[in-house]
Each structure stands twice: as C-alpha cells, then as structure tokens.
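Trainee: After the structure tokens below, expect a handful of questions from me.
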Amino acid sequence: MHIGTTLTQFIIEEQRHTTGATGDFTSLLNDLVTSIKVISNAVNKGALVGTMGALESENIQGETQKKLDVITNDIVMRHNEWAGHLAGMASEEMDDVYSIPAKYPLGKYLLVFDPLDGSSNVDINISVGTIFSILHAPVSGRAATAEDFLQPGTKQVCAGYALYGSSTMLVLTTGHGVNGFTLDRDVGEFLLTHPGMKIPENTGEFAINASNRRFWEPPVQRYVEECLAGTEGPRGRDFNMRWVASMVAEVHRILNRGGIFMYPRDTKDPAKPGKLRLMYEANPMSMIVEQAGGVSSTGYERILDIQPSGLHQRVPVILGSKNEVERVLGYHNG
Ligand code: AHG
Ligand code: MN
Ligand code: MN
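Note that the working numbering has the sequence shown beginning at 1308, numbered continuously upward.
What follows is the structure, given as structure tokens:
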C-alpha cells in the first residue's frame, strides 16, 4: 500500500539538491522529529499521566512554568544532544545556552526552540505547539556560546513548528517554500499533506489580544478601529476576529486561510517592547510566513533583519497576509 511521501523521504530528496550536503542536517531533523512525536504523545495523554498544572518555578522571563514546559524541554534536549550534529541548544525555558555533555561529540548546527508554545492552554485541552529554528554554528565542533546564537533570522537554515491540535502536524521550511506534514499515528510517520503552503494576500480576519488595547500605539489602534467599524467604516467591509493565545495555532490558521496576527509594541511594561521572543518565536515564524508569501515586521522593521542583542530578547510582531500587514506598516510609517 502506498502511504505517500514521508517527511524523511521529503528531506532527503530536498537535500539532494543542496551541494555539499553530508546528511548531517537530515539526521538532525530526524532526531528533532522523534522528539516531536514524543511530545505529541505526552501532550495527548493529558490528565491521564499527571502532567497537567503548574510548577513552583519561573523561567528566566518571569513566567510560571507548567509541568509540561519542563517535560517537553527535556524531551527536546535528550533526543538532540547525543548524535553529534549540534554545538549547543537554546530554549525559552533555559536561562543559558545548553552545552552538549562532554561524552557526546559536537557538531556544526545550533538548535533554538520553544518546547511548548501556548502552554497556558495546555490544561484546558486547546492546541499547543513546539517552535524551532536551526542555525549554523559559527565554528563547527566547538561548544557554542550565547553570542554564537545571536544571528539575525535571515541566517536560519531551517524553521518549523509542530502543532498538537485535533491532529498533530509539522510545518517546515528550509528556505524553499513551506510544506506541512500530518502525523499518521498508525504508521508512526509524518506524511506530506500540505505541499507548498501559501498565505492568501488578502484577508478579513485579524488576531490580537484586545485586552491590551489601551497600551497599543496609534497605528495599531487605528487599524483595529477601522476593522471594527466594518461596513460603516473606512474599510467598507466587515472583519472577523480570533485569539487562540497559542502563536502556533494562529500562524497555522493564517497559513491555511490567511489573516493578520499582532502582538504589537505596547506601553504596558517599558522594559518589554513586545511579548514574543525573537529567537524562539518571532524569527522561526517570520521565516515560515515570508516563505509562504506573507510579511512579518515589528511595525518598524522586518523581523528577520533584526540583529539579536540577547537570547531572550522580546520583539513586537505583526505578521500574515501581505496586503493587510503592509497596510498596518503604512500606518506606522505615515
Ligand atoms: P508561551 O506559552 O511559549 O509562553 O507563549 C505564549 C505566547 C504566544 O503563543 C501567544 O500568542 C501569546 O503568548 C499569548 O499571550 P496572551 O496570554 O497575552 O494573550
Ligand atoms: Mn511561545
Ligand atoms: Mn513556551
């Protein structure tokens, strides 16, 4: 029986077109995919296995850690530390760079990840995800420092996310478009189900956490007011609104049917120019969005061009359907 294209087959075939590819990358991705299957299982078991709820601890960003934040972080580390492809890892849930244990060889790639995105949703059985980004280590075979990770998003070799929703999906780019794979639990493989994903240029759907409205800057205030005014307003049409509070789910919706997602700059806490993290969330999602024909910006600059200044740096994010995002950028410039 023919089951279609597996993720492994897809990656190997893609790598054949890359001159100088050694198979290291394919192998790294395979380990990453294994960790994603394990996480999918852990998330899916839900309350049956006692992994719901919060811990006493906070992460470096002052957010309460869920049990599953820590469990999923550990799953990614354990599956990706041993094979010799990585020079280091960095995660939203770890204060510093994770050094590969001395008993394992060091490799030429860096892995950056948000092990459980949308973790406030995990206890209530709403979709969550894992976001990842792969960079070249500046020096192959040497233990990576924090500075080694501070590369702009344009340098990403690969970016992707797993969505643990009504089905588990993996969406991936290596800079040649965006492809989506669905986990077939009977076969145990991700199969290509969404080849060449493209974000529609126009949309009538916006996503923003409107409880922050009073802290937004004027360009975002204006954009949302115009959407809310509907047919009677300057846009002359009605809009629809969504807010899942899992970035992975929002980006996935936008990849499938268009939309604009905003976690914009606000004045709530002057120390935080945005909520989302550049390295773990904004950069990988921006690469995927751009590769699917969308636009991603802080409102003032392209996210992928930002030179990171710290591992846990936060940035404003406005991304999605080209024409709507460009309209909001126009309001910032004007
Ligand atoms: P995480 O669970 O990894 O901390 O990320 C949550 C993020 C993002 O996924 C989501 O879009 C946003 O935070 C939701 O924020 P609000 O709770 O402020 O709406
Ligand atoms: Mn997140
Ligand atoms: Mn997270």
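Glycine is no exception: its CB is placed at the ideal position from the N, C-alpha and C atoms.
Here the structure is a predicted model, which means the values were calculated and not measured.
Is DSSP giving D1376 helix, strand or coil here?
Mentor: On the sequence shown, residue 1376 is found 69 positions in, with the first residue counted as 1. It is helical.
Trainee: Is S1362 near V1383, with beta carbons less than 8 Å apart?
Mentor: Residue 1362 sits at position 55 when you count from the first residue of the sequence shown. Residue 1383 sits at position 76 when you count from the first residue of the sequence shown. The question names Ser, yet the displayed sequence has Leu at residue 1362. No; because the gap between Cβ atoms is not below 8 Å, this pair is not in contact.
Trainee: Helix or strand or just coil, what does DSSP make of F1568?
Mentor: One-based indexing of the sequence shown puts residue 1568 at position 261. Strand.
Trainee: Looking only at its chain, what residues have a beta carbon closer than 8 Å to the beta carbon of E1533, apart from the 5 residues adjacent to it on each side?
Mentor: Locating residue 1533 in the sequence shown gives position 226, counting from the first residue. For E1533, where only same-chain residues beyond five positions count, the Cβ hits under 8 Å are G1540, P1541 and R1542.
Trainee: Exposed or buried, what is K1629 when buried is set at 16 or more other beta-carbons lying within 10 Å of its beta-carbon?
Mentor: Looking up residue 1629 in the sequence shown gives position 322. K1629 comes out buried.
Trainee: What is the DSSP secondary structure of P1422, reduced to helix, strand or coil?
Mentor: Numbered from 1 along the sequence shown, position 115 holds the residue referred to as residue 1422. Three-state result, P1422: strand.
Trainee: Measuring CA to CA, which of P1408, G1472 and L1499 is closest to I1433?
Mentor: Start at 1 with the first residue of the sequence shown, and residue 1433 comes out as number 126. Considering only alpha carbons, the answer is G1472.
Trainee: Consider the C-beta atom of E1399 and the heavy atoms of ligand 3; say whether any pair is separated by less than 7 Å.
Mentor: Along the sequence shown, one-based indexing puts residue 1399 at 92. Within the cutoff, so yes.
Trainee: Taking only the alpha-carbon atoms, compute the straight-line gap between D1253 and L1457 and give it to the nearest angstrom.
Mentor: Any property of residue 1253 remains undetermined from this structure, which presents the chain solely from 1308 to 1641.
Trainee: Quick check on the DSSP output: the beta strand (DSSP E) that includes H1501 runs from which residue to which?
Mentor: As a first step, residue 1501 must be located in the sequence shown, where it is residue number 194. That run of the beta strand (DSSP E) goes E1496 to H1501.
Trainee: Alpha carbon to alpha carbon, how far is T1329 from S1406? Give it in angstroms, no decimals.
Mentor: Position 99 of the sequence shown, counted from the first residue, corresponds to residue 1406. Position 22 of the sequence shown, counted from the first residue, corresponds to residue 1329. When rounded, the distance between both Cα atoms is 24 Å.
Trainee: Given a threshold of 16 other Cβ atoms within 10 Å of its Cβ, counted over all protein chains shown, does T1371 qualify as buried or as exposed?
Mentor: Translated into the one-based positions of the sequence shown, residue 1371 becomes position 64. Its Cβ having fewer than 16 others within 10 Å, T1371 is exposed.
Trainee: CA-CA distance, L1562 and R1529?
Mentor: Position 255 of the sequence shown, counted from the first residue, corresponds to residue 1562. Position 222 of the sequence shown, counted from the first residue, corresponds to residue 1529. When rounded, the distance between both Cα atoms is 25 Å.
Trainee: For ligand 2, I want to know if M1554 counts as a neighbour, meaning its beta carbon is within less than 7 Å of at least one of the ligand's heavy atoms.
Mentor: As a first step, residue 1554 is located in the sequence shown; it is residue number 247 there, counting from the start. Checking every heavy atom of ligand 2 against the Cβ of M1554, one is found closer than 7 Å.
Trainee: For G1397 and M1586, which I take to be in contact (beta-carbon distance under 8 Å), what is that distance rounded to the nearest angstrom?
Mentor: Position 90 of the sequence shown, counted from the start, is the residue given in the question as residue 1397. Position 279 of the sequence shown, counted from the start, is the residue given in the question as residue 1586. The question names Gly, yet the displayed sequence has Ala at residue 1397. Yes, A1397 and M1586 are in contact; Cβ-Cβ is about 7 Å, under 8 Å.
Trainee: Once DSSP output is grouped into helix, strand and coil, what is the label at F1439?
Mentor: Residue mapping note: residue 1439 aligns to position 132 of the sequence shown, counting from 1. If DSSP states are grouped into helix, strand and coil, F1439 belongs with the strands.
Trainee: What does DSSP give as the partner residues of D1491 in its beta bridges?
Mentor: Stepping through the sequence shown from its first residue, residue 1491 is reached at position 184. Paired residue(s): E1496.
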